Structures are given as C-alpha cells and as structure tokens.
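Q: Input: one structure, supplied below.
Residue numbers (the working numbering): 54 to 108.
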C-alpha cells in the first residue's frame, strides 16, 4: 500500500537516503527520484502545489 503526497516542495526525513536517479516525466521534462528509509520515514509538503492560470 502506498500513499502519495503532491506539492511544489517536499521535505523528507529518514535514516537512509538512496542515490538520486534521473527519471523521465511527461514530454521532455526530467525529474529526480530518491528513496528515503527510516523507522519511520516521514515526508511533508513545505510549499503546496498550485495551478497558474494563463491570462
């Protein structure tokens, strides 16, 4: 079972962090994937995701 959080900026805390890995997102965008392990590993949204409107 996995839970997903989304935001512009996310902070994670854990005992072990994996090496960052480059993954492909939609189009030509690239993103980094990192696994955080701990007892427990925690994540929180620092800056909420927002949709910008074109005027």
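Every residue, glycine too, gets a C-beta built ideally from N, C-alpha and C. Note that the structure is predicted; figures quoted are calculated from it, not measured.
1) Per DSSP, which residues does residue 76 bridge with? Please list them.
2) What residue range does the beta strand (DSSP E) around residue 96 cover?
3) Three or more beta-carbon pairs under 8 Å between the region 54-61 and the region 77-88, yes or no?
4) Starting from residue 106, follow the beta strand (DSSP E) in both directions and report where the run begins and ends.
5) Pop quiz: residue 68 and residue 99 are said to be a contact at Cβ under 8 Å. What is the actual Cβ separation, rounded to whole angstroms?
A: Taking the definition as stated:
1) Counting from 1 along the chain shown, the entry for residue 76 is found at position 23. According to DSSP, residue 76 bridges with 84.
2) By 1-based counting over the chain shown, the position of residue 96 is 43. From DSSP, the beta strand (DSSP E) with residue 96 extends over 95-100.
3) no
4) Locating residue 106 in the chain shown gives position 53, where the first residue counts as 1. Taken as a continuous stretch (DSSP letters only), residue 106 belongs to no beta strand (DSSP E), as it is neither H nor E.
5) Mapped onto the chain shown, residue 68 falls at position 15. Mapped onto the chain shown, residue 99 falls at position 46. Incorrect: roughly 20 Å between the Cβ atoms, too far for contact.
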